[in-house]
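As given, the protein sequences belong to chains Z and G, one line each in that order. UniProt numbering numbers the first residue of the first sequence as 1 and each following residue consecutively. UniProt numbering numbers the first residue of the second sequence as 1 and each following residue consecutively. Below you'll find the structure, written out as structure tokens, and then a few comments.
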Amino acid sequence: MSAPTIVTRALTPVGKFFLLALEIARMTVKGPFQWREYIEQTWFVTKVSALPTALFTIPFGATIALLLAELTRQFGAQSQTGAGSVLAIVQQAAPIVTALLISGAGGSAVCADLGARTIREEIAAMEVLGISPIQRLVVPRVLAMATTAVVLNGLATVVGVAGGYYFNVVVQGGTPGAYIASFSAIAQVSDILVSELKAVLFGLAAGVVAAYRGLNPPPGAKGVGDAVNQAVVISFVLVFLINLVITALYLQIVPPKGS
Amino acid sequence: MGVEVRVEGLTKSFGRANIWSDVTLTLPPGEISVLLGPSGTGKSVFLKTLIGLLKPDRGSIFIHETDLVRCSESRLYELRKLFGVLFQDGALFGSMTVYDNIAFPLREHTKLSEAAIRDIVMEKMHLVGLEGSEHKLPGEISGGMRKRAGLARAMVLEPEIILFDEPDSGLDPVRTAYLNQLIIDLNAQTDATFLIVTHDINSAQTVPDNIGMLYRRHLAMFGPREVLLTSDDPVVSQFLNGRRQGPIGMSEEKDSAQAEREMAEIPGELEGVPPLKPQLVPSPGLPERKAVARRQARVDAIMHTLPKAAQDAIRASREATAQAERRAGRTPVAAYPSGYADGPTERLNPVDGGEPPQPGRHRI
Ligand SMILES: Nc1ncnc2c1ncn2[C@@H]1O[C@H](COP(=O)(O)OP(=O)(O)OP(=O)(O)O)[C@@H](O)[C@H]1O
Ligand SMILES: [Mg+2]
């Protein structure tokens, strides 16, 4: 075997990552699906990320509401504040909060769990017993992450909109009727759908990254910690890239309401 | 009968770091082999390569004439069912109780009823002395107990090849002695092929039929136990005596100047390898190990190629084994008559749940 060049060494992990993603897809279709593990993991991932999501969204929604209220006041369009903040929350704020928390809280928990199992050689033991750890452990976790992402996104949307309403109407003394009327003028159902679609993709991407790093931790006792750290950073980058691409595509394909 | 494992020209590197190259050896069917070597020489890596968890750079591993390195994924999974592996730390599933861990392979690969599974699991737990711990989680038991639970799980499907990664590390001397006897007894009952990685000199002297040693990225030696145990090689005698003076340093190798200086510090002659100890024989009431007769024929064929000291040692240990066999109430191997008091033990077949009583159970 020839000595690996820098290029092949840099590309090997990328190739391995996509192979793992393919294997996960194959095992998802092939089954048998581990319902129990899936439900347990969904519960587990939701548990670690739901509260932070809610806590994160309230100040985030309030910031957007404050900013927008200020901006629309300068243009003399206070009556449109509701529309603006709902659009901002549904299309961007909620998915971004979801992305942050599904990678940061959910992904790190999954990565740490798989990493500890790898270090303890549980994964190797499973393979030796003729059972695919991908099918048994990884598929339920990745799908649980996707499910949780959808839930988180819904949660973030509700909390964000409610928070925006509270700040606009109660704190800044806006009119409730104008707030509600304006957002049905500009928001559309496809906004929500795309927002949830994004969440699914974020969950899947963060799940595969967490699985990849968890199954291949750097050797040594520090390995799992490093793996978790890298998993979070890599999935942040990946998830924001996905967000950018989908937002660009969506704005091209679906014309904004009222234009 | 156990399966023969033939390893040819195996080489393994991680990135640029070569672990070992050109490892060639044959694990004779049904025999017990031990792999020695200083820490970090890649013994665990070798075991993982044997079961296909790691891919070697070069070389082949033949089992039933299939090359495990190049066969299809499905065939690999098929072949892995022949293996039982005891990992260095037991590798129990942390979220399952000890009982569920041991039952896991049976639940996955057989259609046995829970009652039948229970019988087998309890029997294996008794064999390794873990009764009373079935409902504990792996985190709640000691390292030695985890190891024994790992052994019970590795044996539960009656594998034809069992790989042990340091079964005796973390066990006290008494438990180690019981474990060594258990290994011999298991081999007598199943006639499976065993490969044991160990650092325990006493185990290496009394358990195996063959010994190999990994050193300086190569398999320095592999052959009948007497060859290594009587070798005048400085590495071997340093290792078997467990002393600082010699070619092995803290981080594997030292420079030769330092080695010589240290040798000079020792007053008088350096002792050679320790005196040969007799090999353990199965407990009374168990059949003889079938591998003994096969090994005798095999060793006779290569006898003339072995060093004089090894030849003498082989003859001496045959005599010692024959005596031990008589003490255990069996007729020694040479004549090898068929039909023992309780007849040859049939191998358990987990699929139809047939479970002959196992004589001579031990507590560890
Ligand atoms: N997955 C891996 N990636 C990179 N290097 C590895 C990996 N696994 C093992 N190594 C390296 O291979 C070498 C041999 O490791 P191995 O665990 O096989 O040693 P060992 O002989 O079993 O030692 P010990 O007796 O202490 O258990 C070590 O230097 C280790 O760093
Ligand atoms: Mg090891």
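Built from N, CA and C at the ideal position, the CB exists for glycine as well. Here the structure is a predicted model, which is why all the values come from computation and not from measurement.
Among the options, nearest to residue i - alpha-carbon criterion
i: residue 204 of chain Z; options: Z/148, Z/159, Z/175 and Z/226; result: Z/148
i: residue 219 of chain Z; options: Z/119, Z/95 and Z/86; result: Z/119
i: residue 312 of chain G; options: G/225, G/291 and G/239; result: G/225
i: residue 105 of chain Z; options: Z/134, Z/65 and Z/210; result: Z/210
i: residue 214 of chain Z; options: Z/20, Z/10 and Z/199; result: Z/20
i: residue 416 of chain G; options: G/116, G/321 and G/291; result: Nothing in the structure corresponds to residue 416 of chain G, since chain G is present only between 1 and 364.
i: residue 173 of chain Z; options: Z/138, Z/224 and Z/70; result: Z/70
i: residue 9 of chain G; options: G/218, G/285, G/289 and G/287; result: G/218
i: residue 241 of chain Z; options: Z/95, Z/82, Z/31 and Z/12; result: Z/95
i: residue 179 of chain Z; options: Z/50, Z/86 and Z/27; result: Z/86
Straight-line gap, residue i to residue j (C-alpha atoms, nearest Å)
i: residue 169 of chain G; j: residue 198 of chain G; result: 8 Å
i: residue 39 of chain Z; j: residue 179 of chain G; result: 41 Å
i: residue 269 of chain Z; j: residue 116 of chain Z; result: It is not possible to answer for residue 269 of chain Z, since the shown part of chain Z is limited to 1 through 259.
i: residue 232 of chain Z; j: residue 103 of chain Z; result: 6 Å
i: residue 230 of chain G; j: residue 18 of chain Z; result: 53 Å
i: residue 75 of chain G; j: residue 158 of chain Z; result: 52 Å
i: residue 61 of chain G; j: residue 68 of chain G; result: 5 Å
i: residue 72 of chain Z; j: residue 96 of chain G; result: 58 Å
i: residue 157 of chain G; j: residue 105 of chain G; result: 7 Å
i: residue 316 of chain G; j: residue 6 of chain G; result: 29 Å
i: residue 12 of chain G; j: residue 51 of chain G; result: 14 Å
i: residue 44 of chain Z; j: residue 37 of chain Z; result: 10 Å
i: residue 167 of chain G; j: residue 177 of chain G; result: 11 Å
i: residue 73 of chain G; j: residue 139 of chain Z; result: 19 Å
i: residue 53 of chain G; j: residue 127 of chain Z; result: 8 Å
i: residue 123 of chain Z; j: residue 31 of chain Z; result: 18 Å
i: residue 65 of chain G; j: residue 162 of chain G; result: 19 Å
i: residue 337 of chain G; j: residue 216 of chain G; result: Bear in mind that a pLDDT of 37 at residue 337 of chain G, under 50, signals an unreliable position, so the model cannot answer this.
i: residue 18 of chain G; j: residue 243 of chain G; result: 27 Å
i: residue 119 of chain G; j: residue 37 of chain G; result: 39 Å
i: residue 308 of chain G; j: residue 207 of chain G; result: 23 Å
i: residue 198 of chain Z; j: residue 34 of chain Z; result: 25 Å
i: residue 81 of chain Z; j: residue 144 of chain Z; result: 36 Å
Heavy atom of ligand 1 within 7 Å of residue i beta-carbon
i: residue 219 of chain Z; result: yes
i: residue 123 of chain Z; result: no
i: residue 33 of chain G; result: no
i: residue 242 of chain G; result: no
i: residue 211 of chain G; result: no
i: residue 247 of chain Z; result: no
i: residue 238 of chain G; result: no
i: residue 181 of chain G; result: no
i: residue 118 of chain Z; result: no
i: residue 104 of chain G; result: no
i: residue 41 of chain G; result: yes
i: residue 88 of chain G; result: yes
i: residue 59 of chain G; result: no
i: residue 19 of chain G; result: yes
i: residue 222 of chain G; result: no
heavy atom of ligand 2 below 7 Å from residue i C-beta
i: residue 147 of chain G; result: no
i: residue 44 of chain G; result: yes
i: residue 165 of chain G; result: yes
i: residue 230 of chain Z; result: no
Cutoff 8 Å: residue i Cβ touching any chain Z Cβ
i: residue 9 of chain G; result: no
i: residue 327 of chain G; result: no
i: residue 48 of chain G; result: yes
i: residue 160 of chain G; result: no
i: residue 166 of chain G; result: no
i: residue 282 of chain G; result: no
i: residue 182 of chain G; result: no
i: residue 53 of chain G; result: yes
CB contact below 8 Å: residue i versus chain G
i: residue 225 of chain Z; result: no
i: residue 125 of chain Z; result: yes
i: residue 120 of chain Z; result: yes
i: residue 1 of chain Z; result: In this prediction, residue 1 of chain Z has a pLDDT of 48, which is less than 50 and means its spatial position is unreliable; what the coordinates show is noted afterwards. Yes - at least one Cβ of chain G is within 8 Å of the one on residue 1 of chain Z.
Exercise. Could you please tell me which residues of the stretch 64-93 of chain G, in chain order, have their CB closer than 9 Å to any CB of chain Z?
Key: 77, 78, 80, 81, 83, 84, 85, 87, 88, 89, 90, 91, 92 and 93
Quiz item: Mind listing which residues of the stretch 127-138 of chain Z have their C-beta closer than 8 Å to chain G's C-betas, in chain order?
Solution: 127, 128, 129, 130 and 131
Quiz item: In the stretch 96-116 of chain G, which residues sit with their C-beta less than 9 Å from some C-beta in chain Z, listed in chain order?
Solution: 104, 105, 108 and 109
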